[in-house]
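Comments concern the structure below.
In the numbering used here, the protein residues as written are 25 to 394.
Here's what the structure looks like:
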């Protein structure tokens, strides 16, 4: 679909460019999927206005390249792209719509009132559609330890040189890779880290960052904590993903905040939410484990899914997992974890697991759907 629309757009832009830089016709057709045009509201612009002013009134961010005479308006994660004097816009990268073009008047891009009205309606419709769907709005990546807390430490002779491998550095390198890949794929989603440098947020502060995120009615957030392992058994090696032990019960619903008539059902609501978060956490853990396994292959053993009551997991009121990327105390794992390319691969595997989970979560329209 994208390639077809792109091909059509290129053809349209070529025709528009060949026609010169004069103003195109001002007639418009409805944006595909919209209702028949209604009478303009009082707030709709009645005459062409400078594009910067029109963008401001639309509540949209404007990007404009005067050299290529192309640009886009962006609002709420949705984008309408255009080329000056061409009466076709590309909506969200895949829908081609005939809308009055951006015109040039003395070199200044202007937008007609009719076009502004159609764009306003399209942005509003997209926001309404999004509000009615379940959506992973935020992903929080938590690199373990940091600052004064190095986490696990080990020294090994690697490549003939004695080196120290430190958990906090490994966790941060992997987490940054995950963050960068997620931001590149989903610029409109909130991708956060509990730390992005060598600082030490406490465990309580890490969890508070996660639990304080403001979400819409159908929005969700997921929490991924990244660590490296250590053991007195030097032969222990491999990667694993942990989720909260199903026997542990978090306080997800505060009965004190419920109306008096509902206080008695707080334990029931709590149990229902806990069951849901556990299910989602297991699914998230499995997707991440599979993603890591696909890139690591036989380089390090897959130790599978584990259940435990880690602080950052048991206190996060959302689907949450803890990833152990390998054992610093094992010479083979340590050699891998000292390799920047291997750390990037680990990040790619975790990233793949996250996007697979998000795709699954959103396709089935949220946690309660079959």
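Think of the CB as a built atom: it goes at the ideal place given N, C-alpha and C, for glycine as much as any other residue.
Review point. In chain order, what residues of the same chain lie with their CB nearer than 8 Å to the CB of residue 386, ignoring the 5 residues before and after it?
Key: Here residue 386 corresponds to residue number 362 of the chain shown, with the count starting at 1. Cβ neighbours of residue 386 beyond the five flanking positions: 157, 158, 159 and 160.
Check your understanding: Contact check, residue 224 vs residue 171 under 8 Å by CB: the rounded distance?
Key -> Taking the first residue of the chain shown as position 1, residue 224 is located at position 200. Taking the first residue of the chain shown as position 1, residue 171 is located at position 147. Contact holds; Cβ gap of about 3 Å.
Check your understanding: According to the Cβ coordinates, are residue 260 and residue 351 closer than 7 Å?
Key -> Position 236 of the chain shown, counted from the start, is the residue given in the question as residue 260. Position 327 of the chain shown, counted from the start, is the residue given in the question as residue 351. A contact, by the Cβ cut-off of 7 Å.
Check your understanding: Are there three or more Cβ pairs, one per stretch, closer than 8 Å when the segment 162-169 is compared with the segment 225-239?
Key -> yes
Point to revise | Euclidean distance between Cα positions of residue 251 and residue 357 | key: For the purposes of this step, residue 251 is identified with residue 227 of the chain shown, where counting begins at 1. For the purposes of this step, residue 357 is identified with residue 333 of the chain shown, where counting begins at 1. Taking the straight line from one Cα to the other gives about 14 Å.
Check your understanding: Relative to the C-alpha of residue 263, which residue among 169, 150, 104 and 373 is closest?
Key -> Counted from its first residue, the chain shown places residue 263 at position 239. Here the closest residue by C-alpha is 373.
**Study point:** Range of the contiguous alpha helix (DSSP H) that encloses residue 196
**Key:** Residue mapping note: residue 196 aligns to position 172 of the chain shown, counting from 1. Here the alpha helix (DSSP H) through residue 196 covers 191-209.
Check your understanding: Apart from the five residues just before and just after residue 76, which ones in its own chain have a Cβ nearer than 7 Å to its Cβ?
Key -> Locating residue 76 in the chain shown gives position 52, where the first residue counts as 1. Result list for residue 76: 86, in chain order.
Point to revise | Bounding residues of the alpha helix (DSSP H) (the contiguous stretch that carries residue 81) | key: Your numbering for residue 81 matches position 57 in the chain shown. Start and end: 75-82.
Review point. Does the distance from the CB of residue 198 to the CB of residue 367 come in under 7 Å?
Key: On the chain shown, residue 198 is found 174 positions in, with the first residue counted as 1. On the chain shown, residue 367 is found 343 positions in, with the first residue counted as 1. Yes; because the gap between Cβ atoms is below 7 Å, this pair is in contact.
Check your understanding: Out of 344, 306, 345 and 349, which has the shortest C-alpha to C-alpha gap to residue 327?
Key -> For the purposes of this step, residue 327 is taken as the residue at position 303 of the chain shown. Comparing Cα positions, the closest option is 349.
Check your understanding: Given a threshold of 16 other Cβ atoms within 10 Å of its Cβ, counted over all protein chains shown, does residue 247 qualify as buried or as exposed?
Key -> If you number the chain shown from 1, residue 247 lands on position 223. Classification for residue 247: buried.
Exercise for review: Check whether the segment 125-136 touches the segment 181-196, counting contact only when three or more Cβ pairs, one atom from each stretch, lie closer than 8 Å.
Suggested key: no
Check your understanding: Between residue 267 and residue 306, is the Cβ-Cβ spacing less than 7 Å?
Key -> The sequence position of residue 267 within the chain shown is 243, counting from 1. The sequence position of residue 306 within the chain shown is 282, counting from 1. For residue 267 and residue 306, yes; Cβs fall inside 7 Å.
Practice item. Run the CB neighbour count on residue 83, radius 10 Å, all protein chains shown included, and call it buried at 16 or more, exposed below. Key: Sequence index remark: in the chain shown, residue 83 carries index 59 (1-based). Residue 83 should be labelled exposed.
Check your understanding: Per DSSP, which one or two residues make a beta bridge with residue 159?
Key -> In the chain shown, counting from the first residue as 1, residue 159 sits at position 135. Answer is 243.
Check your understanding: Ordered along the chain, which non-local residues of its own chain (more than five positions away) have a Cβ less than 6 Å from that of residue 150?
Key -> If you number the chain shown from 1, residue 150 lands on position 126. 102.
Check your understanding: DSSP state of residue 384, grouped into three classes?
Key -> On the chain shown, residue 384 is found 360 positions in, with the first residue counted as 1. If DSSP states are grouped into helix, strand and coil, residue 384 belongs with the helices.
**Study point:** residue 395 and residue 111 closer than 7 Å at C-beta
**Key:** Any question about residue 395 goes unanswered here, given that the chain covers just 25 to 394.
Review point. How many angstroms separate the CA atom of residue 355 from the CA atom of residue 177?
Key: Against the chain shown, residue 355 aligns to sequence position 331. Against the chain shown, residue 177 aligns to sequence position 153. Spanning the two alpha carbons is a distance of roughly 12 Å.
Check your understanding: Across which residues does DSSP place residue 263 in a beta bridge pair?
Key -> Stepping through the chain shown from its first residue, residue 263 is reached at position 239. 326, per the DSSP bridge assignment.
Exercise for review: May I ask which residues mark the beginning and end of the alpha helix (DSSP H) holding residue 411?
Suggested key: With the chain represented from 25 up to 394, any question about residue 411 goes unanswered, as that position is not in the structure.
Point to revise | Supposed contact pair residue 206 and residue 220 - C-beta distance, whole angstroms, cut 8 Å | key: Reading the chain shown from its first residue, position 196 is the one you call residue 220. Reading the chain shown from its first residue, position 182 is the one you call residue 206. Between residue 206 and residue 220 the Cβ distance is about 13 Å, and since that is not below 8 Å, they are no contact.
Point to revise | Rounded Cβ spacing between residue 377 and residue 329 (contact assumed at less than 8 Å) | key: In the chain shown, counting from the first residue as 1, residue 377 sits at position 353. In the chain shown, counting from the first residue as 1, residue 329 sits at position 305. About 12 Å; that fails the 8 Å criterion.
**Study point:** Whether residue 265 touches residue 202 by CB criterion (7 Å)
**Key:** On the chain shown, position 241 is the one that residue 265 refers to. On the chain shown, position 178 is the one that residue 202 refers to. Going by C-beta atoms, residue 265 is not nearer than 7 Å to residue 202.
Exercise for review: Below 8 Å CB to CB, which residues in the same chain sit around residue 340 once its five sequence neighbours on both sides are set aside?
Suggested key: By 1-based counting over the chain shown, the position of residue 340 is 316. Because the pLDDT at residue 340 is just 46, under 50, the model does not fix this residue reliably, and the value given afterwards should be weighed accordingly. Excluding positions up to five away in sequence, the list reads 231, 234, 235 and 247.
**Study point:** Residue environment, residue 189, which counts as buried when at least 16 other CB atoms sit within 10 Å
**Key:** Sequence index remark: in the chain shown, residue 189 carries index 165 (1-based). That one is buried.
**Study point:** For residue 204 and residue 129, the rounded distance between their alpha carbons
**Key:** Locating residue 129 in the chain shown gives position 105, where the first residue counts as 1. Locating residue 204 in the chain shown gives position 180, where the first residue counts as 1. Going by the C-alpha atoms only, they are around 40 Å apart.
**Study point:** Cβ neighbours of residue 316 in the same chain (closer than 6 Å, five flanking residues each side left out)
**Key:** As a working mapping, residue 316 is identified with position 292 in the chain shown. Excluding positions up to five away in sequence, the list reads 263 and 373.
Exercise for review: Helix, strand or coil for residue 57, going by three-state DSSP, please let me know.
Suggested key: In the chain shown, the residue the question calls residue 57 occupies position 33. Legend: pLDDT at residue 57 = 41, less than 50; position of this residue unreliable, value from coordinates given subsequently. Residue state, collapsed to three classes: coil.
Point to revise | Nearest neighbour of residue 253, chosen from 148, 383, 168 and 115 [CA to CA] | key: The residue labelled residue 253 in the question sits at position 229 within the chain shown. Nearest option by C-alpha distance: 168.
Point to revise | Nearest neighbour of residue 139, chosen from 153, 152, 109 and 116 [CA to CA] | key: Here residue 139 is taken as the residue at index 115 of the chain shown, counted from 1. Among 153, 152, 109 and 116, the Cα nearest to that of residue 139 is on 109.
Point to revise | Outcome for residue 186 when other beta-carbon atoms lying within 10 angstroms are tallied against a minimum of 16 | key: Taking the first residue of the chain shown as position 1, residue 186 is located at position 162. Residue 186 is exposed by the Cβ-count criterion.
Point to revise | Spatial distance of residue 123 from residue 213 (CA atoms) | key: Here residue 123 refers to the residue found at position 99 of the chain shown. Here residue 213 refers to the residue found at position 189 of the chain shown. Whole-angstrom Cα-Cα distance: 28 Å.
Review point. DSSP state of residue 147, grouped into three classes?
Key: Position 123 of the chain shown, counting from 1, holds the residue named residue 147. Helix.
Check your understanding: How many Å lie between residue 107 and residue 311 at the Cα?
Key -> Numbered from 1 along the chain shown, position 83 holds the residue referred to as residue 107. Numbered from 1 along the chain shown, position 287 holds the residue referred to as residue 311. Answer to the nearest angstrom: the Cα atoms are 41 Å apart.
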